[in-house]
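2 protein chains.
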Amino acid sequence: MSRPPSARKQRADATLNRARIVSVARTLFAEHGSAVPLTEIARAAGVGVGTVYRHFPTHADLIEAAAEQRFAEIEEFARTECLRAEPGEGLARYLLHVGEVLAADRGLSAAIETARQSAGSEPRGESRGRLEDVIGELVERDLAAGTLRDDCTVADVYMIVGALSATIGSGSGDWRRLVRIVLHGLRPDAARRRSDE
Amino acid sequence: MSRPPSARKQRADATLNRARIVSVARTLFAEHGSAVPLTEIARAAGVGVGTVYRHFPTHADLIEAAAEQRFAEIEEFARTECLRAEPGEGLARYLLHVGEVLAADRGLSAAIETARQSAGSEPRGESRGRLEDVIGELVERDLAAGTLRDDCTVADVYMIVGALSATIGSGSGDWRRLVRIVLHGLRPDAARRRSDE
DNA sequence: ACCTGAACACCGTTCAAGT
DNA sequence: ACCTGAACACCGTTCAAGT
């Protein structure tokens, strides 16, 4: 489902190995963070190191692949829970949920950070693109409900998620409080409600 | 000035070497981030690797020592510029200034992150303690001026600086905008002005 | 076409020998 | 008391040999 058409003719063992590597990486990253030695992943997956490199040339590729599923899950949540929530509550629900997921999966923070690096240039995983669309809808919905200041953008949400990820990763501080503060900061200011250029 | 009384009898060359190492580390960290090989620092300082380890047993110790001066500078700024600013503008000035410094010194983010790790347990550098005091005054002053919600605390400021540090370090996103959003989020909400609890 | 794992490079850390 | 740098350990990455 994920393979581009040009690379269709894969050998059966190759496909299986790839799946095994991703599966193992997902577990180990979630538990110990994304700094797990590649050798360990290879051993746990029952393949040689070279095989890991063949499928995932750079470290970031593997991290990305391991995170794909989480992003798909988050997208699903955003569609079913956030887009159908009380008008104006979508973003709040979204940020709190992302926080929960980040807190439960230490490897995901790394995926978010490496995604940052290649911002705009690479096509990235496919879940990512769809997720971006949903976030766009989310923002527009809350804008219409009047709970967001009118200059709020998808880029803001990405920046905030990055900040949130770092806060959770560092383990200190009450990240839920940060979410509350930021959400409050994104509300329209009663004072400048109608002027605005 | 920084040495504890018990370790007074240091040999002249040891003191000099220590100073050289810190000086070199400061430059290299600022330029390339804190991931610079220790071998390179040793070479640039004109000492053997063993000497670096003798003075700074852990990597975090060196990062901390290199950052000390910056923290002192930030403290100075906080005292002269923020504590004497327009009432209610102290924290805003502080966060913007810290952002500038972080943007100009790539190594400082690492110092802030490692400071996080050992939060509460270790005595840390001396500038750190004094800085914490100033931030406390800053918060109280803005609270009195009515520009901060009454549950705002020094811990909030630390969490925010951490988030800011990560955002700047990742290089993507408009960190000044994040500061603006957060500051807005820390303003007292007109609606819940007196009830509370 | 794909896999394996030994080989190489690099960096962190220690420690015996030197002053 | 302190310094040096070779030695060891560990991990990332490549590539010749195998199926």
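Respectively, the protein sequence lines represent chains A and B. Plus 13 on top of the position in the first sequence (first one is 1) and you've got our numbering. Plus 13 on top of the position in the second sequence (first one is 1) and you've got our numbering. The beta carbon of each residue, even a glycine, is placed where N, CA and C say it ideally should be. Here the structure is a predicted model, which is why all the values come from computation and not from measurement.
Q. Taking only beta-carbon atoms, is R207(A) less than 7 angstroms away from chain B?
A. Against the first sequence, residue 207(A) aligns to sequence position 194. Low per-residue confidence applies at R207(A): pLDDT is 44, beneath 50, and the placement is therefore not dependable, though the value from the model is reported in the following sentence. It does not: the Cβ of R207(A) has no partner Cβ on chain B nearer than 7 angstroms.
Q: Could you name the residues of the same chain whose beta carbon sits closer than 6 angstroms to that of R56(B), not counting the 5 residues immediately before and after it, in chain order?
A: Taking the first residue of the second sequence as position 1, residue 56(B) is located at position 43. Once the five neighbours on either side are set aside, R56(B) has no close Cβ partner at all.
Q. Is T160(A) helix, strand or coil by DSSP?
A. Locating residue 160(A) in the first sequence gives position 147, where the first residue counts as 1. Here T160(A) sits in coil by DSSP.
Q: Would you mind sorting D146(B) into buried or exposed? The rule is 16 or more other CB atoms within 10 Å of its CB.
A: Along the second sequence, read from residue 1 onward, the residue named residue 146(B) stands at position 133. Per the 10 Å Cβ criterion, exposed.
Q. Alpha carbon to alpha carbon, what distance is there between E150(A) and G133(B)?
A. Within the second sequence, residue 133(B) is the residue found at index 120, counting from 1. Within the first sequence, residue 150(A) is the residue found at index 137, counting from 1. Because the pLDDT at G133(B) is just 47, under 50, the model does not fix this residue reliably, and the point stays unresolved.
Q | Identity of the residue in G142(A), D155(A), A73(A) and R190(A) nearest R97(A) by Cα | A | Locating residue 97(A) in the first sequence gives position 84, counting from the first residue. Answer by Cα proximity: D155(A).
Q. Quick one, are the C-beta atoms of R162(A) and L199(A) less than 7 angstroms apart?
A. On the first sequence, position 149 is the one that residue 162(A) refers to. On the first sequence, position 186 is the one that residue 199(A) refers to. Cβ atoms of R162(A) and L199(A): closer than 7 angstroms.
Q. Does DSSP classify S134(B) as helix, strand or coil?
A. Translated into positions along the second sequence, residue 134(B) becomes position 121. Residue placement at S134(B) cannot be trusted, given a pLDDT of 46 that sits under 50; what the coordinates show is reported in the next sentence. DSSP places S134(B) in coil when its eight states are reduced to three.
Q) So G103(B) packs on C95(B), CB below 8 angstroms; how close in whole Å? A) The sequence position of residue 103(B) within the second sequence is 90, counting from 1. The sequence position of residue 95(B) within the second sequence is 82, counting from 1. With 8 angstroms as the limit, G103(B) and C95(B) qualify as a contact, their Cβ atoms being about 4 angstroms apart.
Q) Looking at the C-beta of S134(A), does it have a partner C-beta in chain B at a distance below 7 angstroms? A) By one-based count along the first sequence, residue 134(A) stands at place 121. Because the pLDDT of S134(A) is 46, which lies under 50, any placement of that residue in the model is unreliable, and the question is left without a value.
(Q) So for D74(A), helix, strand or coil by DSSP? (A) Along the first sequence, one-based indexing puts residue 74(A) at 61. Helix.
(Q) Counting C-beta neighbours from all protein chains within 10 Å, is the total for L29(B) 16 or more, i.e. buried, or is it exposed? (A) Sequence index remark: in the second sequence, residue 29(B) carries index 16 (1-based). So L29(B) counts as exposed.
Q. Among R143(A), T64(A), S183(A) and G159(A), which residue has its Cα nearest to the Cα of I173(B)?
A. On the second sequence, position 160 is the one that residue 173(B) refers to. Among R143(A), T64(A), S183(A) and G159(A), the Cα nearest to that of I173(B) belongs to S183(A).
Q: With a threshold of 16 other CB atoms inside 10 Å of the CB of A27(A), please say whether the residue is buried or exposed.
A: If you number the first sequence from 1, residue 27(A) lands on position 14. A27(A) should be labelled exposed.
Q) Among residues of its own chain, excluding the 5 on either side of D118(A), which ones have a beta-carbon nearer than 8 angstroms to its beta-carbon? A) Position 105 of the first sequence, counted from the first residue, corresponds to residue 118(A). Only F42, A43 and R83 meet the Cβ criterion.
Q. Going straight from the alpha carbon of R207(B) to that of I148(B), what length do you get?
A. In the second sequence, residue 207(B) corresponds to position 194, counting from 1. In the second sequence, residue 148(B) corresponds to position 135, counting from 1. With a pLDDT of 44 at R207(B), under the threshold of 50, the predicted position of this residue should be treated as unreliable, though the coordinate-derived value follows. Roughly 26 angstroms between the two C-alpha positions.
(Q) Applying the 10 Å Cβ sphere with the 16-neighbour rule, what's the burial state of R24(A)? (A) As a working note, residue 24(A) is residue 11 in the first sequence. Its Cβ having fewer than 16 others within 10 Å, R24(A) is exposed.
Q) Near F90(A), what residues of its chain come up, given a Cβ to Cβ distance below 7 angstroms and the 5 sequence neighbours on each side ignored? A) Against the first sequence, residue 90(A) aligns to sequence position 77. Cβ neighbours of F90(A) beyond the five flanking positions: H110.
Q) To the nearest angstrom, how far is it from the Cα of V35(B) to the Cα of G59(B)? A) For this step, residue 35(B) is matched to residue 22 along the second sequence. For this step, residue 59(B) is matched to residue 46 along the second sequence. If I take the Cα positions, the gap works out to 12 angstroms.
Q. Looking at C-alpha atoms only, which residue of G159(B), R31(B) and R143(B) is the closest neighbour of G63(B)?
A. The residue you call residue 63(B) lines up with position 50 of the second sequence. The shortest Cα separation from G63(B) among G159(B), R31(B) and R143(B) belongs to R31(B).
Q | Closer than 8 angstroms at the beta carbon, the chain A residues around T71(B) | A | Within the second sequence, residue 71(B) is the residue found at index 58, counting from 1. In chain order: nothing, as chain A lies at least about 17 angstroms away.
Q: Please classify C95(A): does DSSP put it in a helix, a strand, or coil?
A: Within the first sequence, residue 95(A) is the residue found at index 82, counting from 1. Helix at C95(A).
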